[in-house]
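Presented below is the structure to which this report refers.
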Amino acid sequence: MDDLDQKEPRYVISIAARMVGVRTHTLRYYEKVGIVGPSRSRGNIRLYSESDIAQLRRVKTLMDDLGVNLAGVEVIMRMMQRMLELQSQVQELEDEMEGIREDGT
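All letters in the sequence shown, in the order written, are residues 0 to 104 by numbering that gives the first Met the number 0.
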């Protein structure tokens, strides 16, 4: 599945909750505190993507299996996002360096 498919809104809240193993009010609360931000349909119905589901599963694992509280989950999620951004920057720099090497040879 490519990146666009991962981000395409697909699942209404009841289905998403069942997939993750939580209640719908939990998903609403996670949205309220900024853990996840599902898309909305024209009728204002929450629609969760595969990417949203994966993130919610990570949250559930952190809380249920590792005992992390919601504040800790927020910190971990921010750190994970920052790591992805930094990895992307490193890749860009490596690509740039490779281009310079190729031009120099």
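Cβ coordinates follow ideal geometry from the N, Cα and C atoms, glycine included. These numbers were taken from a predicted model, which means no experiment stands behind them.
Subject >> S48, buried or exposed, once every other Cβ within 10 Å from all chains shown has been counted against 16 >> reply: buried
Subject >> Classification of Y28 by the beta-carbon crowding that lies within 10 angstroms, buried from 16 upward >> reply: exposed
Original post:
Is I34 closer than 9 angstroms to M96 when the C-beta atoms are compared?
Top reply: no
Subject >> Euclidean distance between Cα positions of M78 and L85 >> reply: 10 angstroms
Original post:
For L65, which three-state DSSP category applies?
Top reply: coil
Subject >> Within 9 angstroms, strictly: CB atoms of R45 and V11 >> reply: yes
**OP:** Please report how far the alpha carbon of L61 lies from the alpha carbon of L69, in whole angstroms.
**Re:** 9 angstroms
Original post:
Any idea which residues DSSP pairs L150 with across the strands?
Top reply: Since the displayed the chain opens at 0 and closes at 104, residue 150 lies outside it and no answer follows.
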